[in-house]
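Peer 1:
Numbering (this note's numbering), first residue to last: 1 to 126.
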């Protein structure tokens, strides 16, 4: 799976929430790869980190399925991941950077599904 590029904008000090839907080409019914179908995330975990630069040793924020920052949403649509940061978490972020979002299946196979820039818009009202 090749990661898609999606640039995120986060307003410091506000609640941040994005719903991501993972899809894959339907090569069985459309060999041209122009049609997409849901990519089932049943049994998957997710993780995401924002860092100032790719090479930076420290992260600005880390979201995982375990800490509640990322949720693989069960139900009708099994291909959704919700990114979530409370207002207090976004208030603690003090600079822009880059991020990627990975999924991990039950066997431990890791796939990067999304990556891009993370632009922080500073808060004025505190």
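Each residue gets a CB set at the ideal place from its N, CA and C atoms; glycine is no exception.
Could you pull out every residue in the same chain whose Cβ sits closer than 8 Å to the Cβ of residue 59, ignoring the five residues on either side in sequence?
Peer 2: 49, 50, 51
Peer 1: If you draw a straight line from the C-alpha of residue 70 to the C-alpha of residue 44, how long is it?
Peer 2: In a straight line, the C-alpha of residue 70 is about 11 Å away from that of residue 44.
Peer 1: If you draw a straight line from the alpha carbon of residue 72 to that of residue 46, how long is it in whole angstroms?
Peer 2: 7 Å
Peer 1: Under 8 Å by Cβ, that's how I've got residue 125 and residue 14 pegged, so tell me the actual separation to the nearest angstrom.
Peer 2: Contact flag wrong, Cβ pair sits at about 10 Å.
Peer 1: What is the rounded straight-line gap between the Cα of residue 42 and the Cα of residue 9?
Peer 2: Straight through space, the alpha carbons of residue 9 and residue 42 are spaced by roughly 28 Å.
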